[in-house]
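Under the numbering used here, the first residue of the sequence shown is numbered 31, with each subsequent residue one higher.
Heads up, the beta-carbon is just placed ideally off N, CA and C, and yes, glycines get one too.
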Amino acid sequence: MRQTATKILLSACSVAVLTGTLLSMPFSTASADESAVAKGKAVSFDRKLGNCLACHAMDDGDLPGNIGPPLVSMKLRFPDKAKLRAQIWDSTVNNPNTIMPPFGRHKMLTEEQIDQVVEYVYTL
31 MRQTATKILL SACSVAVLTG TLLSMPFSTA SADESAVAKG KAVSFDRKLG
81 NCLACHAMDD GDLPGNIGPP LVSMKLRFPD KAKLRAQIWD STVNNPNTIM
131 PPFGRHKMLT EEQIDQVVEY VYTL
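#1: Grouping DSSP H, G and I as helix and E and B as strand, with all else coil, what is Leu154?
#2: If we ignore side chains and look at the alpha-carbon of each, how far apart do Ala66 and Pro132 end up?
#3: According to DSSP, is Phe133 part of a helix, a strand, or is it coil?
#4: By how many angstroms is the C-alpha of Asp63 removed from the C-alpha of Met130?
#5: Write down the C-beta distance between Ala112 and Val123 rounded to the nearest angstrom, noting that I regard them as a contact closer than 8 Å.
#6: Terminal residues of the continuous alpha helix (DSSP H) containing Met104?
#7: Please state the DSSP three-state secondary structure of Asp90.
#8: Among the residues of its own chain, which have a CB less than 6 Å from the CB of Pro100, if the five just before and after it don't count?
#9: Between Ser74 and the ligand HEM, is the CB less than 6 Å from at least one heavy atom?
#10: Going by alpha carbons, who is nearest to Leu79 out of Leu154, Thr153, Val147?
#11: Which residue marks the beginning of the alpha helix (DSSP H) containing Ile118, and which one marks its end?
#12: Using a threshold of 7 Å, state whether the C-beta atoms of Gly70 and Cys85 are closer than that.
#13: Would you identify the three-state DSSP class for Asp63, choosing helix, strand or coil?
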């Protein structure tokens with residue numbers, strides 16, 4: 031009987047500690063993700079940076095191009111986000127004849143900007 035009471039007490043203490051830990055964690059992850067997505071959209075739409083709209087139809091962009099495929103259902107097309115990043119970083123690896131610029135290899139975008147574009151494009 032005493033062992034059962036001890037187990038119940040330990041379980042209750044474990045739940046209390048876990049609950050306290052979860053409640054003390056900062057919940058800024060969502061806002062950080064939203065910030066990265068917003069920054070990625072800005073980079074993607076900026077004609078001096080990503081300029082994705084020159085070739086791709088996407089989201090609510092004005093005057094999209096039709097040279098590249100429309101950027102829709104990106105989570106289905108790229109279940110592995112790392113492959114999407116690799117495609118943006120240097121698409122010539124998968125297709126040497128592509129006209130998509132290698133944004134990372136040619137240092138057209140910083141690593142941080144590429145990460146932001148990936149976060150944005152992944153929401154499309």
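According to the structure shown:
#1: The residue given as residue 154 occupies position 124 in the sequence shown. In the structure shown, Leu154 sits in coil (DSSP, three-state: anything other than H, G, I, E or B).
#2: By 1-based counting over the sequence shown, the position of residue 66 is 36. By 1-based counting over the sequence shown, the position of residue 132 is 102. In a straight line, the C-alpha of Ala66 is about 21 Å away from that of Pro132.
#3: Position 103 of the sequence shown holds residue 133. The answer is coil: DSSP assigns Phe133 none of H, G, I, E or B.
#4: Translated into positions along the sequence shown, residue 130 becomes position 100. Translated into positions along the sequence shown, residue 63 becomes position 33. When rounded, the distance between both Cα atoms is 26 Å.
#5: Start at 1 with the first residue of the sequence shown, and residue 112 comes out as number 82. Start at 1 with the first residue of the sequence shown, and residue 123 comes out as number 93. So it is not a contact: roughly 13 Å between Cβ atoms.
#6: Numbered from its first residue, the sequence shown carries residue 104 at position 74. Its alpha helix (DSSP H) spans residues 104-107.
#7: Stepping through the sequence shown from its first residue, residue 90 is reached at position 60. Residue state, collapsed to three classes: coil.
#8: Walking along the sequence shown from the start, residue 100 turns up at place 70. The residues are Ala87.
#9: As for the ligand HEM, it is missing from this structure, which has no ligand bound.
#10: Residue 79 sits at position 49 when you count from the first residue of the sequence shown. The residue with the shortest Cα to Cα distance from Leu79 is Val147.
#11: Counted from its first residue, the sequence shown places residue 118 at position 88. Start and end: 111-119.
#12: In the sequence shown, the residue the question calls residue 70 occupies position 40. In the sequence shown, the residue the question calls residue 85 occupies position 55. Cβ atoms of Gly70 and Cys85: not closer than 7 Å.
#13: On the sequence shown, residue 63 is found 33 positions in, with the first residue counted as 1. Helix, per DSSP.
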